[in-house]
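Residue numbers (this note's numbering), protein chains in the order written: chain A, 1 to 612; chain B, 1001 to 1075.
The C-beta atom is built at its ideal place from N, Cα and C for all residues, glycine as well.
The structure presented is a predicted model; accordingly, all values stated were derived computationally and were not measured.
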Amino acid sequence: MEPEMREKQAANMLFPGDLKLQKILPLIHSMKKESRNELSIRILFLRNYTTEPIIPFLEYLCYKNGITPLITTGTYNGIFQDIFAEEILNRNIDYDLIIVSQILDHLNDELCTQYISLTEIERKKKVDSILLNCNNIIKELVQRSKGTILFHNFSSPTFPFFGICDNSLPCLQCNTIRKLNSDLIQIVNSHSGVYIFDIEKLQSTIGSLSMFDSRMYYLYKNPYSQTALAWIASEYLKFILTLKGKTKKCLILDCDNTLWGGIIGEDGLANIEIGEEYPGIKYLDFQKSILNLYNKGIMLAIASKNNEEDVIEVFERHPGMALKKEHFLVMKINWNDKVTNIKEIASELNIGLESIVFIDDNIHEISQVTYQIPEVVTLLAGDILEGTFFRDLLFISGLFDTLTYSHEDRERNKMYASDIMRDKSRTSITNLDEYLNSLEMEINIKNVDELIIPRASQLTQKTNQFNLTTKRYSESEIRYFMNSSDIIIRTMSVSDKFGSQGIVGLYILKIIEKIGIIDTFLLSCRVIGRAIEDVLLWDCIETARLNGCTKVRGTYIPTKKNSQVSDFYLRHSFHDSERNDNANIENERRFEFDLKNIYPNYPGFFKKVVRC
Amino acid sequence: MQDKLIQIMAVVFEMPVTEISDNSSMDTVENWDSLKHIQLMFALESEFGILLQADEMVEMTNFKAIVKTISEKIK
């Protein structure tokens, strides 16, 4: 299939194999000039081979996603040199992302080229020294930088020297690499903010024969083909998007020819294609993959042009369906256009359009959505390439990828469902205070500890609306705050009679010369409107007081999404304070509360507030 | 073919097409270092749908040599 066709097929999604240098280089030049991106990312490559050919692909993908990349490349084969050299890693310039990319050939040539000639003891010694090297790099980096670290694992030999008997002993060539990679996972997972870049997985995805390029390796010490470089950059991008809070939260699905084959309104319940036999199995497989997203905490919704009762009947009565009505938070089954329905879904779920992915089999619907609401990522239902699985469409670009997976994520869809019940009970009670009283809310506020770090980082990265400063922090940065004596970082969890909402609020208070500066104050959009923020801010004020502060200062940095909190501090007894002329962010507003004054207590409708 | 080649070289070396001539080579074009050479080789391969041998890559360090190699391959 022609690349153009594929692009059309996949709507605004890219297929990495289609990226070619001669096409992207002119685009990079023009994007560089025109770029007015709000977001940027500082990336440092520490490497032991020629990684530069990756850069144009990475730059292109970053610009295309509204992020300006600032890339520094360390010394060739000089990782430790760079780590200890002040000019690359010093405390003033910090990198958001440090990519440590090493190839085994340059770490230990004999292990790659003379495997059989080595004795078992020699092999073990070499592997141990490689692991020690990796461990040392990570240890030093974690101490020197707050940035997220992405650590390449190692690719396995395309054709091991032992051939078909390579698996006869656990210590032979391929298994040695597997063991090395699994030991590396343990090292990496013992630190937070450090992640594996799974080059071995990528190698198996695109195949060794299209991954490596011996010419480039022998001549220029870069082992990868052009295709591989594009794929590597696309995999980096998944991490970058997650770090920059650009993950998607919600999948909106069309029904006919997307969730099942055929048109329910015309073909009828008995004739649509869904179930264990072809062609129904194609759709069943797709539905099952969506269930995985559901259990990962992705919100599901339907936008379908149909008679509502027809579609509901499929969900309730068709035995071949893996998805049930209860998996969807909102169903818009009507004859309105998809743009209207998508906007309504976004507002009912209280999420921004930029966190939505929409999938439909109809190119006209797709183009209308892409044209009118370009923030929404659109996917055209169908195979990316002949013979690929339908479900790959949802996973190839890592749209729903997250750096971690927590208990909160698994329970998230249950929490959303209880949110909806809560809203229903709200409509039956007319008075807001009475409603809030009836929820029997219990609040728990405590300092961040090791276990909460991933969720705390996730909150800073995913929260857009009730977020006063919208500062995104990696796990390493959160840990740094946690360990700093003059920074207090506390999270809040909430539960009520409908269930637990988990950790939904956070603030970061920096104490500088007896002034408490609120660096970050945020609340998950799921719990907005229940006066929970009153308790969180009250806790913040009391914490500042306990730590000997005389004033508390809050900042509001406007974004496209957080206008609802523009007067948050004013509504909470703070007063406008002089703006510092050095403030480099336009429109930034500052507020102050003098701790000589009494701060009003939070409202009385909480059943229990626990602070520890 | 030459037009396409000139365009690709201009993009890779970040210079105007008018400054590329028969005499352009690794010695005369300031930006033409080994890293740019990698880009040029990748771009030529995918643009012309050809595969180059390592020996050819080493030789293709001036405009005339590139034209010669490519025209042999696409004929």
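Taking the beta carbon of residue i as the centre, do at least 16 other beta carbons fall within 10 Å, making it buried, or is it exposed?
| i | result |
| --- | --- |
| A:LYS560 | exposed |
| A:LEU209 | exposed |
| A:TYR405 | exposed |
| A:ALA10 | Here the model assigns A:ALA10 a pLDDT of 43, short of 50, so the residue's position is not dependable and the matter cannot be decided. |
| A:GLN81 | exposed |
| A:ASN189 | exposed |
| A:TYR556 | buried |
| A:ILE164 | exposed |
| A:ASP254 | buried |
| A:MET211 | buried |
| B:PHE1063 | buried |
| B:VAL1058 | exposed |
| A:TRP335 | exposed |
| A:GLU2 | No answer about A:GLU2 holds up, because its pLDDT of 42 lies below 50 and its placement is not dependable. |
| A:ARG530 | buried |
| A:SER159 | Per the sequence shown, residue 159 of chain A should be read as Phe rather than Ser. Result: exposed. |
| A:HIS152 | buried |
| A:LYS8 | Low local confidence applies: a pLDDT of 44 at A:LYS8 is under 50, so the model's placement there is unreliable, with the coordinate-based value given in what follows. Classification of A:LYS8: exposed, given that the 10 Å Cβ count is below 16. |
| A:GLY604 | exposed |
For a quick check, are the C-beta atoms of residue i and residue j less than 9 Å apart?
| i | j | result |
| --- | --- | --- |
| A:TYR195 | A:LEU58 | no |
| A:GLN22 | B:ILE1008 | yes |
| A:THR469 | A:ASP539 | no |
| A:LYS248 | A:SER355 | yes |
| A:LYS338 | A:VAL314 | no |
| A:CYS612 | A:ILE396 | no |
| A:THR388 | A:ILE359 | no |
| A:SER474 | A:LYS238 | no |
| A:LEU131 | A:LEU184 | yes |
| A:LEU243 | A:ASN65 | no |
| A:LEU349 | A:TYR294 | no |
| A:SER524 | A:THR463 | yes |
| A:LEU393 | A:GLU375 | no |
| B:LYS1004 | B:GLU1047 | yes |
| A:LEU61 | A:TYR220 | no |
Ordered along the chain, which non-local residues of its own chain (more than five positions away) have a Cβ less than 7 Å from that of residue i?
| i | result |
| --- | --- |
| A:GLN191 | The sequence shown places His at residue 191 of chain A, rather than the Gln named in the question. Only ILE138, VAL142 meet the Cβ criterion. |
| A:GLY548 | LYS514 |
| A:TYR95 | ARG42, ILE43, LEU44, SER145, GLY147 |
| A:ILE345 | ILE252, ALA301, ALA303, VAL330, LYS332 |
| A:GLU273 | TRP260, GLY261, GLY262, PRO279, GLY280, TYR283 |
| B:THR1018 | none |
| A:GLU477 | LYS146 |
| A:TYR507 | ARG490, ILE518, THR520, PHE521, LEU536, CYS540 |
| B:SER1071 | MET1001 |
| A:GLN173 | TYR115, PRO157, PRO160, PHE161, PHE162, ASP166 |
| B:GLN1053 | none |
| A:ASN37 | GLY66, ILE67, THR68 |
Which residues does DSSP list as the beta-bridge partners of residue i?
| i | result |
| --- | --- |
| A:GLY554 | A:ILE518, A:PHE591 |
| A:PHE45 | A:THR73, A:ILE99 |
| A:ASN444 | A:SER493, A:VAL610 |
| B:SER1025 | B:ASN1062 |
| A:LEU300 | A:LEU251 |
| A:ASP576 | A:PHE591 |
| A:ASN306 | Per DSSP, none; premise fails for A:ASN306. |
| A:GLU273 | A:GLY261 |
| A:LEU39 | A:ILE67 |
Keeping to the same chain, check which residues put their C-beta closer than 8 Å to that of residue i; ignore five residues upstream and five downstream.
| i | result |
| --- | --- |
| A:ILE232 | ILE54, PHE57, ILE199, LEU202, TYR224 |
| A:LYS596 | THR550 |
| A:GLU52 | THR73, ASN222 |
| A:TYR218 | none |
| A:ILE443 | MET492, SER493, VAL494, ILE532, VAL535, PHE606, LYS608, VAL609, VAL610 |
| A:LEU118 | GLU110, LEU111, LYS126 |
So, at 6 Å on beta carbons, what are the nonlocal neighbours of residue i in its own chain, with the 5 sequence-adjacent residues on each side left out?
| i | result |
| --- | --- |
| B:ASN1029 | Reading off the sequence shown, one finds Val at residue 1029 of chain B, where the question assumed Asn. So the list reads PHE1013, once near-sequence residues are dropped. |
| B:THR1069 | GLU1056, MET1060 |
| A:LEU46 | GLY74, ILE79, ASP82, VAL100 |
| A:GLY297 | ASP409, ARG412 |
When every heavy atom of the ligand FMN is checked, does at least one fall within less than 8 Å of the C-beta of residue i?
| i | result |
| --- | --- |
| A:LYS446 | As far as ligands go, the structure on display features none, and thus does not contain the ligand FMN. |
- Task: Please specify which runs of the alpha helix (DSSP H), each continuous and at least 4 residues long, are wholly inside the segment 175-243 of chain A, giving them in chain order.
- Result: As far as the segment 175-243 of chain A is concerned, its whole alpha helix (DSSP H) runs of at least 4 residues are 199-206, 208-211, 214-220, 226-243.
- Note down, one range per segment and in chain order, each beta strand (DSSP E) of at least 3 residues found wholly within the segment 341-383 of chain A. For secondary structure counted as the beta strand (DSSP E) over 3 or more consecutive residues, the segment 341-383 of chain A holds these complete runs in sequence order: 356-360, 377-380.
- Message: If the cut-off is 7 Å on Cβ atoms, which residues from the segment 1030-1051 of chain B count as contacting chain E, listed in chain order?
- Response: Here chain E cannot be found, since the structure's protein chains are A and B.
- Query: Which ranges does the beta strand (DSSP E) cover as unbroken runs of at least 3 residues, wholly within the segment 310-337 of chain A, from first to last along the chain?
  - Reply: The beta strand (DSSP E) runs lying completely inside the segment 310-337 of chain A and spanning 3 residues or more are 330-334, given in chain order.
- Query: Where in the segment 77-162 of chain A do unbroken runs of the alpha helix (DSSP H), each at least 4 residues long, occur, reported from the N-terminal end onward?
  - Reply: For the segment 77-162 of chain A, whole alpha helix (DSSP H) runs of length 4 or above, ordered along the chain, are 79-84, 104-107, 109-113, 120-144.
- Message: Runs of 4 residues minimum, wholly inside the segment 390-437 of chain A: which ones carry the alpha helix (DSSP H) assignment?
- Response: Taking only runs of at least 4 residues, the alpha helix (DSSP H) segments lying wholly in the segment 390-437 of chain A are 392-395, 407-428.
- Quick one: which unbroken beta strand (DSSP E) runs of 3-plus residues sit fully inside the segment 454-514 of chain A? Chain order, please. Assignment of beta strand (DSSP E) within the segment 454-514 of chain A, counting only whole runs of 3 or more residues, yields 487-496, 499-512 in chain order.
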